[in-house]
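**Student:**
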Amino acid sequence: MSDPVSPLLTGLLARCAAKIRIAAARHGLSPAELDEVLQETRVRLWKTHGAGEKIDSLPASYVYQTAASAAIDLIRRRRRSERNQSVDELAERLEARDDPARGMEQRELGERIWRAVAALATDRRVAVRMYLNGYNHSEIADRLDWTEARARNLLYRGLADLRAALSEEDTG
Amino acid sequence: MTTGPDDRLKAAYQAHGAARARGADCPEPDQLARWAGRAGVSEQELLEGLDHVMACEGCRREYETLRALAALAAADRPARPAASVATRWLPLAAAVVLSVGAIAVWRLTSGGDDGPVVRDGPEAPTLLAVTPADSVVPAGVPPRFEWRSLPTAVGYRLEVLRDDGSAMAIVETTDTLATVPDSIRLGPGRYLWVVVATTEGGDVHRLVRPLVVR
């Protein structure tokens with residue numbers, strides 16, 4: 081017997097998959113994990129709406145939400161698999177991350193920055209952490225639900241505190 | 015290529031952060047999803063959450079993935095101007111509007127049937143809700159969710175979703191009874207509660223019910 085739902089599901093997912101791929105790939109999901117998210121999204125939509133509901137009329141927002149829910153489960157599985165890695169594998173991964181070319185001076189600077197950032201007031205600290213991770217004012221404001229002016233102000237003050245703490249260590 | 019004034023700071027910070035391993039204090043993925051969706055999350059909670067996220071490369075990547083998907087859903091969601099104005103200015107009227115809206119949504123999603131909603135197709139008719147029986151619970155009292163046992167189920171997952179579909183709480187259990195953790199407060203509003211049952215054979219059965227907190 082032919083399955084009338086499959087073509088509808090395929091069409092619906094095709095309309096949304098490109099955006100999901102771009103959004104997820106930009107933030108570190110591998111192609112295989114992406115395929116897993118899309119496949120799981122398809123299964124969930126079929127399980128939930130496969131009994132005669134109008135799949136082709138489901139809003140894209142619903143598909144994206146379903147994909148987000150599938151991504152949560154994927155993250156859980158990935159974490160479990162990370163936890164199951166042997167100690168040796170974990171050490172190997174961390175060593176690989178720790179570039180040997182990175183000098184002692186650079187490592188010490190990293191440690192000093194982390195210590196100084198940890199001592200900042202919470203709102204300034206979060207803004208500074210985001211900035212040091214490469215976020216701009218507008219991205220900081222967006223993630224924290226702040227106005228851009230507030231993000232800029234707290235970041236400016238946080239960076240001033242950070243620089244003061246680092247130069248105090250230098251002179252102290 | 016030009017370099018910015020803080021490039022050295024950023025490089026040292028990021029290199030140090032990348033060498034840090036994931037810890038036991040890493041938040042659960044559904045918690046990351048709450049912060050990514052932001053709805054109902056206080057500023058203090060968001061700050062504390064992102065303080066960890068921005069210091070943990072693994073959590074940061076997961077958070078950004080979930081945030082990007084939440085943003086896609088939010089951008090594509092149709093606006094509801096009448097409800098939002100009422101919610102902002104007239105809380106009493108909002109309660110009425112939301113109740114009427116909730117009933118309309120239930121009718122749309124359940125075909126007007128007031129009975130339990132089982133959306134898994136004809137092979138999964140036995141996952142039935144027991145409580146909350148009338149789908150309306152008072153604010154301030156943590157609702158107790160109960161469903162009938164599915165004979166072949168090996169575990170259940172209770173998901174409480176906000177009106178916008180984002181996860182408010184996820185509880186894994188082998189029981190047929192669950193409550194959301196005390197730390198999660200369900201304020202007045204419309205929610206969905208979903209029970210996902212997994213069977214020995216790996217089949218997934220889902221129950222979706224509306225919930226209104228007043």
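Just so you know, the protein sequences line up as chains V and G, in that order. Position 82, counted from 1, in the first sequence is what the working numbering calls 162; the numbers after and before it change by one each time, with no gaps. Position 26, counted from 1, in the second sequence is what the working numbering calls 40; the numbers after and before it change by one each time, with no gaps. Don't be surprised by glycine CBs; every beta carbon is placed ideally from N, CA and C. What you are looking at is a predicted structure, and each value in this text was computed from that prediction instead of being measured.
Looking only at its chain, what residues have a beta carbon closer than 8 Å to the beta carbon of Leu106 (chain G), apart from the 5 residues adjacent to it on each side?
**Tutor:** Here residue 106 (chain G) corresponds to residue number 92 of the second sequence, with the count starting at 1. Confidence at Leu106 (chain G) is low in this model, with a pLDDT of 35, below 50, so its placement is unreliable and the value that follows should be read with caution. Closer than 8 Å at Cβ, skipping near neighbours: no residue.
**Student:** Of all Cβ atoms in chain V, is any one closer than 8 Å to the Cβ of Ala53 (chain G)?
**Tutor:** Position 39 of the second sequence holds residue 53 (chain G). No, its Cβ sits nowhere closer than 8 Å to a Cβ of chain V.
**Student:** Cβ of Ala153 (chain G) within 8 Å of Cβ of Pro224 (chain G)?
**Tutor:** Start at 1 with the first residue of the second sequence, and residue 153 (chain G) comes out as number 139. Start at 1 with the first residue of the second sequence, and residue 224 (chain G) comes out as number 210. Result no, Cβ atoms of Ala153 (chain G) and Pro224 (chain G) do not sit closer than 8 Å.
**Student:** Helix, strand or coil for Ile184 (chain G) per DSSP?
**Tutor:** In the second sequence, counting from the first residue as 1, residue 184 (chain G) sits at position 170. Residue state, collapsed to three classes: strand.
**Student:** When the Cα atoms are used, what is the spatial distance from Gly31 (chain G) to Ala196 (chain V)?
**Tutor:** Here residue 31 (chain G) refers to the residue found at position 17 when the second sequence is read from its first residue. Here residue 196 (chain V) refers to the residue found at position 116 when the first sequence is read from its first residue. Answer to the nearest angstrom: the Cα atoms are 14 Å apart.
**Student:** How would you list, in chain order, the residues of chain G whose beta-carbon sits under 8 Å from the beta-carbon of Met210 (chain V)?
**Tutor:** The sequence position of residue 210 (chain V) within the first sequence is 130, counting from 1. What Met210 (chain V) touches in chain G: Leu64 and Met68.
**Student:** When the cut-off is 8 Å and only beta carbons count, does Ala147 (chain V) lie next to chain G?
**Tutor:** To locate residue 147 (chain V), count along the first sequence from 1; it is residue 67. Chain G contact via Cβ: present.
**Student:** Whole-angstrom Cβ separation of Ala87 (chain G) and Ser141 (chain V), contact assumed at under 8 Å?
**Tutor:** For the purposes of this step, residue 87 (chain G) is identified with residue 73 of the second sequence, where counting begins at 1. For the purposes of this step, residue 141 (chain V) is identified with residue 61 of the first sequence, where counting begins at 1. With a Cβ gap of about 4 Å, Ala87 (chain G) and Ser141 (chain V) count as contacting.
**Student:** Using the beta-carbon count (16 or more within 10 Å), is Tyr27 (chain G) buried or exposed?
**Tutor:** Your numbering for residue 27 (chain G) matches position 13 in the second sequence. Buried, because 16 or more other Cβ atoms sit within 10 Å of the Cβ of Tyr27 (chain G).
**Student:** Does DSSP put Thr123 (chain G) in a helix, a strand or coil?
**Tutor:** In the second sequence, the residue the question calls residue 123 (chain G) occupies position 109. Low confidence applies to Thr123 (chain G): its pLDDT is 41, below 50, so where it sits in the model is not reliable, and the reading given next is rough at best. It is helical.
**Student:** Nearest CA to the CA of Leu164 (chain G): which residue from G:Pro195, G:Val174, G:Arg176 and G:Val209?
**Tutor:** The residue labelled residue 164 (chain G) in the question sits at position 150 within the second sequence. Out of G:Pro195, G:Val174, G:Arg176 and G:Val209, G:Val209 has the C-alpha closest to the C-alpha of Leu164 (chain G).
**Student:** Does the structure place the segment 185-192 of chain G close enough to the segment 156-176 of chain G that three or more beta carbon pairs sit under 8 Å?
**Tutor:** Touching, yes, given that three or more Cβ pairs across the two stretches are closer than 8 Å.
**Student:** Near Ala207 (chain V), which residues of its chain fall below 7 Å by C-beta distance, leaving aside the five closest residues on each side in sequence?
**Tutor:** Residue mapping note: residue 207 (chain V) aligns to position 127 of the first sequence, counting from 1. Excluding positions up to five away in sequence, the list reads Ile220, Ala231, Leu234, Leu235 and Gly238.
**Student:** Using a Cβ-Cβ cutoff of less than 8 Å, which residues in the same chain neighbour Arg124 (chain V) once the five nearest sequence positions on both sides are dropped?
**Tutor:** For the purposes of this step, residue 124 (chain V) is taken as the residue at position 44 of the first sequence. Excluding residues within five positions, the ones whose Cβ falls inside 8 Å are Thr146, Ser149 and Ala150.
**Student:** Between which two residues does the alpha helix (DSSP H) harbouring Tyr211 (chain V) extend?
**Tutor:** By one-based count along the first sequence, residue 211 (chain V) stands at place 131. Tyr211 (chain V) -> alpha helix (DSSP H) spans Thr202 to Leu212.
**Student:** Could you run through the segment 74-87 of chain G and flag, in chain order, every residue whose CB is less than 8 Å away from some CB of chain V?
**Tutor:** Against chain V - using a Cβ distance shorter than 8 Å - the residues of the segment 74-87 of chain G are Arg74, Arg75, Glu76, Glu78, Thr79, Leu80, Arg81, Ala82, Leu83, Ala84, Ala85, Leu86 and Ala87.
**Student:** Go through its chain and collect everything with a Cβ distance to Glu59 (chain G)'s Cβ below 7 Å, but skip five positions before and after it.
**Tutor:** The count along the second sequence starts at 1 and reaches residue 59 (chain G) at position 45. For Glu59 (chain G), where only same-chain residues beyond five positions count, there are no Cβ hits under 7 Å.
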